[in-house]
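Visitor:
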Amino acid sequence: MDVLIDAHCHFIRSTRALAAWGTTLNVAVHYLATLPADEVTVALSAVPSSGLIGDQYHFLGAPASMNQRAAKIIKSAMNATEDRALPELRHVYILALQVLLAAEASSISKVYREIIL
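Here full-length UniProt numbering is used: the first residue of the sequence shown is 1, the next is one more, and so on.
(1) With burial defined as no fewer than 16 other Cβ atoms inside 10 Å of the residue's Cβ, what is the status of A20: buried or exposed?
(2) Identify which residue in A28, V42, H58 has its Cα closest to the Cα of A102.
(3) Going by C-alpha to C-alpha distance, which of D2, T23, A7, R13 sits closest to E114?
(4) What are the boundary residues of the alpha helix (DSSP H) that L100 is part of?
(5) Once DSSP output is grouped into helix, strand and coil, what is the label at M1?
(6) What residue range does the alpha helix (DSSP H) around S109 cover?
(7) If we ignore side chains and look at the alpha-carbon of each, how far apart do I94 and E39 end up?
Next comes the structure, spelled out in C-alpha cells:
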C-alpha cells in the first residue's frame, strides 16, 4: 500500500495533475513497458521476495488496456527465461509502481500525455 501511495504522490508532483489512483497505476505500467525487457524480467523475479506481496487486494479503476499491457510484459518475461516462476499481474503492478517512483518527472509526464491524448 505504501508503494502505491508514494508512487501516486510522485506522479501528482511530476505531472501537476490531480489524477485517480488507477491513472497512476496505468501510467506506471505503461512506463514499465518502455524499459528493456531483460531488465524488467530480472526485476520481476525479485518482486515475490521483496516483502511487498501481502494478502490484501485493492481494486483501482483503470482501463482494460492496462491489463493487456501488463499481460504483454508477463509474456515477454516468459519468453526471456524458462527457469523462473511465472510472474503474476500483481508482481507487474508492484514493479511498475517501484519503477515509477524512480522515474524522472519528465519521463512520467511524457507517458501521461501519451495516455491521455
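Just so it is clear, CB atoms sit at the ideal spot from N, CA and C, and this is done for glycine as well.
Guide: Short version:
(1) In the sequence shown, counting from the first residue as 1, residue 20 sits at position 20. With a 10 Å radius around the Cβ and a threshold of 16 neighbouring Cβ atoms, A20 comes out exposed.
(2) Counting from one through the sequence shown, the residue named residue 102 turns up at place 102. Residue A28 is the option with its Cα nearest to A102.
(3) By one-based count along the sequence shown, residue 114 stands at place 114. Proximity to E114 across D2, T23, A7, R13 peaks at T23, based on C-alpha coordinates.
(4) Here the question's residue 100 lines up with position 100 in the sequence shown. Here the alpha helix (DSSP H) through L100 covers 89 to 102.
(5) The residue you call residue 1 lines up with position 1 of the sequence shown. Three-state result, M1: coil.
(6) Position 109 of the sequence shown, counted from the start, is the residue given in the question as residue 109. In this chain, the alpha helix (DSSP H) harbouring S109 covers 105 to 116.
(7) Working through the sequence shown from its first residue, we reach residue 94 at position 94. Working through the sequence shown from its first residue, we reach residue 39 at position 39. Going by the C-alpha atoms only, they are around 15 Å apart.
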